Amino acid sequence: MTKEFIQSIKGTQDILPDQSQRWQALETTIRNTMDTYGYREIRTPTFERTELFARGVGQETDIVSKEMYSWTDQSGENLTLKPELTAPVVRSFIQNNLGGQSTINKLYYIDALFRRERPQKGRYRQFHQFGIESFGSEFPEMDAEVIALAMSVFNDIGLTNLTLKLNSIGSPECRSDFRNALRDFLKPHFNDLSETSQKRFENNPLRVLDTKAPYEIEILKDAPNISDSWTGEDKAHFEEVCSLLDAMRIQYTIESNLVRGLDYYTRTTFEITSTALGAQNAICGGGRYDGLVETLGGKPTPGIGFAAGMERILLALGDDDSSGNSTQVYIIGLGDEARPSVAKLAEDLRQNNIRTNFDPLRRSIKAQMREANKSGATIAVIIGDKELASGQAEIKDLKTGDQEPVKIKALVDHINSLTL
Ligand code: HAM
């Protein structure tokens with residue numbers, strides 16, 4: 000039985016070498032796509048003041064009210080491991096006056112986040128997101144670009160069976176109108192609602208629409224629709240987003256109950272789900288937050304972004320048994336005399352970007368040959384006393400078994416000329 004302190008914390012996981020290749024491939028796709036769309040990377044600290052999230056994400060949200068890892072440090076400061084990145088990026092945007100330097104700021108991130116949720120497949124306490132935050136434009140072309148970018152990353156990495164769900168939760172005026180309409184509708188059903196929904200009814204009635212309980216979904220069938228509360232401008236904005244997506248041939252379904260769980264959203268909200276996942280099927284979520292920069296003390300600046308869960312993306316992609324770039328050349332050294340030549344040849348090949356390995360355990364030729372085959376190398380180079388005396392090493396093609404002598408001095412050029 001392994002001692003407890005040698006067990007990782009519940010809801011956290013190691014990414015072992017067999018898996019890290021898939022992470023790197025995903026990260027490369029993300030970075031290439033970001034580059035193509037003109038987004039630049041921002042990196043923010045792992046922890047922030049607790050107040051940033053309370054004000055930015057909203058005191059009543061699940062994240063802030065029950066999921067944050069918060070503590071008071073030695074000087075009495077209330078700090079929190081970041082549970083999401085929109086508030087930290089907005090904080091940095093304001094603090095560094097990015098808006099003063101450029102009217103449009105298109106930023107992206109790849110980062111680890113922390114939420115004390117109940118762990119299950121696809122839901123962890125430390126997880127990773129990539130995402131973007133685009134500041135400066137309130138116009139629908141920015142909404143369409145943000146959504147197109149998300150879809151482009153998913154396409155490039157081969158994720159299929161995705162559904163893009165789209166909605167607009169309107170401007171603040173629209174939402175206060177809708178909140179009243181929804182409360183009026185729910186009042187007669189109040190006693191039938193779950194405890195969670197009853198609490199939401201008081202604090203944030205829009206979140207009642209988030210329910211997964213079938214009997215509540217049934218009640219909500221006749222609920223008012225947020226589109227009835229849109230202002231003329233909200234409606235025009237949403238219609239333009241839809242027609243731009245149509246022009247880009249990006250398919251979507253309009254989901255009028257898609258309100259999202261964070262308080263900063265205005266107008267466009269969207270989520271991308273995958274049928275390859277179970278209960279935790281949201282790969283990506285985002286939307287507009289035109290009031291957030293101002294709420295946090297900056298100059299009024301519109302913004303829109305999304306974040307996508309990287310563990311969920313890799314789960315949806317399914318298992319892939321590529322376990323990394325395998326060795327190309329394995330050097331087999333025999334006897335004490337050969338050791339310096341083996342080390343030098345390995346270094347020379349590596350300097351030529353050839354993935355090379357040798358046996359650091361001074362084992363028998365049989366054991367080294369077994370390692371060479373296991374390593375996935377294409378060729379083995381054999382250097383022993385006989386080879387040193389003749390100035391020639393043996394090169395063995397590990398697929399065909401063919402073997403030929405090559406001058407030790409000419410080995411690097413020779414191996415360089417092979418297609419490994
Ligand atoms: P979110 O919907 O809370 O939005 O998270 C976005 C994505 O992160 C989810 O769709 C999911 O894929 C992944 N995710 C969330 N929680 C977990 C978890 N516990 N374990 C694994 N994956 C998880 C936000 O975070 C907003 N900041 C997105 C945004 C950016 N909106 C505007 N800009």
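At position 271 of the sequence shown (counting the first as 1) the number is 270 in numbering that gives the first Met the number 0, and the numbers step up by one without a gap. Just so you know, even glycine gets a beta-carbon here, dropped at the ideal spot from N, CA and C. Please read these numbers as outputs of a predicted model, since none were measured by experiment.
Between the region 221-237 and the region 161-173 there are three or more C-beta pairs closer than 8 Å, enough to call the two in contact. In the three-state DSSP reduction, Leu-291 falls in the helix class (H, G or I).
The DSSP-derived three-state label of Pro-139 is helix. In this structure, Leu-181 sits near Val-207, with a CB-CB distance shorter than 9 Å. Of all alpha-carbon atoms in Asp-34, Lys-343, Ser-325, Gly-290, the one lying nearest the alpha-carbon of Val-152 is that of Asp-34. Ranked by how close their Cα comes to the Cα of Met-67, the residues Arg-115, Glu-393, Ile-14, Ala-275 have Arg-115 in first place.
Taking C-beta separations shorter than 7 Å and ignoring five residues to either side along the sequence, the partners of Glu-310 in its chain run Gly-121, Tyr-123, Phe-126, His-127, following chain order. Ile-303 is the residue among Asp-262, Glu-59, Ile-303 whose C-alpha sits nearest the C-alpha of Asn-104. The closest CA to that of Ser-74, considering only Leu-15, Arg-48, Asp-347, is found on Arg-48. Secondary structure at Asn-104: strand, using DSSP grouped into helix, strand and coil. Note that the C-beta distance between Ala-24 and Leu-51 is not below 9 Å.
Here Leu-295 has Arg-54, Gly-55, Val-89, Arg-90, Ile-93 as same chain residues with Cβ atoms under 7 Å from its own Cβ, once five neighbours each way along the sequence are excluded. DSSP links Tyr-329 through a beta bridge to Asn-356, Ala-379. When the beta-carbon positions are compared, Asp-176 and Arg-287 stay at least 9 Å from each other. If the five residues before and after Ala-376 are omitted, its C-beta is found closer than 8 Å to the C-beta atoms of Ser-325, Thr-326, Gln-327, Val-328, Tyr-329, Asn-356, Leu-397, all from its own chain and listed in chain order. At a threshold of 8 Å, Ala-306 counts as near the ligand HAM, since its beta carbon sits closer than that to one of the ligand's heavy atoms.
Given a length threshold of 4 residues, each whole run of the alpha helix (DSSP H) inside the region 157-225 is given here in chain order: 171-185, 194-202, 213-219. In this structure, the alpha-carbon of Thr-27 lies about 25 Å from that of Ser-374. Secondary structure of Ala-278 (DSSP, three-state): coil. For the region 225-262, the full-length alpha helix (DSSP H) segments reaching 4 residues or more read 231-246 along the chain. Classified as buried, Arg-21 has 16 or more neighbouring CB atoms from the shown chains inside 10 Å of its CB. Partner residues in the beta bridge of Gln-402, as assigned by DSSP, are Lys-395.
Counting along the chain, the unbroken beta strand (DSSP E) around Ser-133 starts and ends at 125-134. At least one heavy atom of the ligand HAM is found less than 8 Å from the C-beta of Leu-84.
The Cβ-Cβ distance between Ile-394 and Ile-414 falls below 9 Å. With a beta-carbon spacing of about 5 Å, Ala-281 and Glu-270 fall inside the 8 Å limit used to define contacts. Going by C-alpha positions, Pro-16 is about 21 Å away from Lys-9. By the neighbour-count criterion, in which 16 or more other beta carbons inside 10 Å mark a residue as buried, Glu-140 falls on the exposed side.
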